[in-house]
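Single-structure report; data block below.
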Amino acid sequence: MIVLEHNDEEMILRIFNYLREQKLDYTEYHYNEDTGLYVIACPDSEVSTVLREITDFAENGSELTKVQSQYVLNSISKLLDDSKPDEGAKVYVNIRERYDDMRSSANSFMFVSILGFVFLGLALSGKIPFAFGTLFYVMCFIMFSGFFIGGIISYKKAAQLKALIPTEEALADRIRAYLLEEYTPLAVSPDDSASEEELYFSRIEDMRSAVKAHFSDADDLLIEGMMEDVFSDIYPTENE
4 MIVLEHNDEE
14 MILRIFNYLR
24 EQKLDYTEYH
34 YNEDTGLYVI
44 ACPDSEVSTV
54 LREITDFAEN
64 GSELTKVQSQ
74 YVLNSISKLL
84 DDSKPDEGAK
94 VYVNIRERYD
104 DMRSSANSFM
114 FVSILGFVFL
124 GLALSGKIPF
134 AFGTLFYVMC
144 FIMFSGFFIG
154 GIISYKKAAQ
164 LKALIPTEEA
174 LADRIRAYLL
184 EEYTPLAVSP
194 DDSASEEELY
204 FSRIEDMRSA
214 VKAHFSDADD
224 LLIEGMMEDV
234 FSDIYPTENE
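In my numbering, the protein residues as written are 4 to 243.
Structural data, given as structure tokens:
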């Protein structure tokens, strides 16, 4: 994962050399020809450690100018913010809720189509005292047929989701039980000066790595949903 990039090769090399001095041998340095930027990267599982070291270097090191230090700190802050879910991001919706939504949509489609066909029947039989042209009837028939077909398709999708409910719920229960009963929370030293964002990021990464190691076939959104559900139980705030 890319943790820092810039077109100033000297600055990137200084930071990279510092990371190597800290025995972070898994860090990588290279030039990205597509972007024209020099890059520092590391494995996903080590991101929090690398970001912490880079932050320390930018805040306390004398090898960077004030402008360079501010750029580095801003870049890290943005990376941490982007790692948190936002309102526009995909979120986990359990399969039972998706089934209920799909079933509701199917019922709505069918209800509208049935009402539409009843209306057409009454209009064609002359029981509705209004005159309509042929084109109107054709367009209505096509529209209500579309609703009917949409209802049938939605019912089929709902049936497929329903069949998957037991499997997903069982897996979700296993993941939740693992996090609450077996997972060891990430220890934080009393002297740790990490910011709230860095701490959140490192905890989430540690939880994600642990869950994926035990449930390699689990969907990423399911894992994210389970972590969100139990995060406050594993890491309660000071007020809880």
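Even for Gly, the Cβ is constructed at its ideal location relative to N, Cα and C.
All of these numbers come straight from a predicted model, not from anything done at the bench.
- Query: Can you pull the DSSP bridge partners for residue 35?
  - Reply: If you number the sequence shown from 1, residue 35 lands on position 32. According to DSSP, which records beta bridges pairwise, residue 35 is partnered with 40.
- Item | Counted within 10 angstroms of its Cβ, other Cβ atoms place residue 68 as buried (16 or more) or exposed | Sequence index remark: in the sequence shown, residue 68 carries index 65 (1-based). Exposed is the call here.
- Message: Suppose you measure from the CA of residue 108 to the CA of residue 157; what does that come to, to the nearest Å?
- Response: Position 105 of the sequence shown, counted from the first residue, corresponds to residue 108. Position 154 of the sequence shown, counted from the first residue, corresponds to residue 157. If you take the alpha carbons of residue 108 and residue 157, they lie about 7 Å apart.
- Alpha-carbon to alpha-carbon, residue 220 and residue 154: Residue mapping note: residue 154 aligns to position 151 of the sequence shown, counting from 1. Residue mapping note: residue 220 aligns to position 217 of the sequence shown, counting from 1. Spanning the two alpha carbons is a distance of roughly 32 Å.
- So is residue 19 buried or exposed if we call it buried at 16+ other beta carbons inside 10 Å? As a working mapping, residue 19 is identified with position 16 in the sequence shown. Buried is the call here.
- Item | C-beta contact flag for residue 117 and residue 125 at 8 Å | Counted from its first residue, the sequence shown places residue 117 at position 114. Counted from its first residue, the sequence shown places residue 125 at position 122. Contact check for residue 117 against residue 125 fails: the beta carbons are separated by 8 Å or more.
- For residue 105, which residues from the same chain have a beta carbon less than 7 Å from its beta carbon, with the 5 sequence-adjacent residues on both sides left out? Your numbering for residue 105 matches position 102 in the sequence shown. Close CB contacts of residue 105 within its chain, under the 7 Å cut and outside five residues either way in sequence, are with 157, 160, 161, 164 (chain order).
- Would you report the Cα separation of residue 41 and residue 212, rounded to the nearest angstrom? Here residue 41 corresponds to residue number 38 of the sequence shown, with the count starting at 1. Here residue 212 corresponds to residue number 209 of the sequence shown, with the count starting at 1. C-alpha separation (whole angstroms): 28 Å.
- Query: Are residue 27 and residue 53 touching if we call contact CB-CB under 8 Å?
  - Reply: Position 24 of the sequence shown, counted from the start, is the residue given in the question as residue 27. Position 50 of the sequence shown, counted from the start, is the residue given in the question as residue 53. When the beta-carbon positions are compared, residue 27 and residue 53 come within less than 8 Å of each other.
- Task: May I ask you to verify whether the stretch 171-185 touches the stretch 224-233, counting CB pairs closer than 8 Å and requiring at least 3?
- Result: yes
- Message: So, for residue 56: in the same chain, excluding its five sequence neighbours on each side, which residues have a beta-carbon less than 8 Å away from its beta-carbon?
- Response: Residue mapping note: residue 56 aligns to position 53 of the sequence shown, counting from 1. Excluding residues within five positions, the ones whose Cβ falls inside 8 Å are 21, 22, 25, 27.
- Is the distance from the Cβ of residue 208 to the Cβ of residue 80 below 8 Å? As a first step, residue 208 is located in the sequence shown; it is residue number 205 there, counting from the start. As a first step, residue 80 is located in the sequence shown; it is residue number 77 there, counting from the start. It is not a contact, given that the beta carbons lie outside the stated cut-off.
- Would you say the stretch 97-104 touches the stretch 133-150, given that touching needs at least three Cβ pairs under 8 Å? no
- Message: Would residue 73 and residue 14 qualify as a contact pair, given that the criterion is a beta-carbon distance under 8 Å?
- Response: Your numbering for residue 73 matches position 70 in the sequence shown. Your numbering for residue 14 matches position 11 in the sequence shown. Here residue 73 is not near residue 14, since their CB atoms are 8 Å or more apart.
- CB-CB under 8 Å to residue 115, same chain, minus the five flanking residues each way: which ones, in chain order? Counting from one through the sequence shown, the residue named residue 115 turns up at place 112. Correct list, in chain order: 147, 150.
- Which residue comes first and which comes last in the beta strand (DSSP E) that contains residue 7? The residue labelled residue 7 in the question sits at position 4 within the sequence shown. Following the DSSP letters along the chain, one finds residue 7 inside the beta strand (DSSP E) bounded by residues 5-9.
- Message: Taking its Cβ as the centre, do 16 or more other Cβ atoms sit within 10 Å of residue 216, making it buried, or is it exposed?
- Response: By one-based count along the sequence shown, residue 216 stands at place 213. Counting Cβ neighbours within 10 Å, residue 216 comes out exposed, since fewer than 16 surround it.
- Query: Contact check, residue 183 vs residue 205 under 8 Å by CB: the rounded distance?
  - Reply: The sequence position of residue 183 within the sequence shown is 180, counting from 1. The sequence position of residue 205 within the sequence shown is 202, counting from 1. Contact flag wrong, Cβ pair sits at about 20 Å.
- Message: I'd like the list of long-range same chain contacts for residue 179, defined as Cβ closer than 7 Å, with 5 residues on each side in sequence excluded.
- Response: Translated into positions along the sequence shown, residue 179 becomes position 176. Apart from the 5 residues on each side of it in sequence, residue 179 sits with its Cβ closer than 7 Å to the Cβ of 229, 232, 233 in its chain, given in chain order.
- DSSP state of residue 97, grouped into three classes? Looking up residue 97 in the sequence shown gives position 94. Residue 97 falls in the coil class under three-state DSSP.
- Item | Buried/exposed call for residue 152, threshold 16 Cβ in 10 Å | Locating residue 152 in the sequence shown gives position 149, counting from the first residue. By the Cβ-count criterion, residue 152 is exposed, with fewer than 16 other Cβ atoms from all chains shown falling within 10 Å of its own Cβ.
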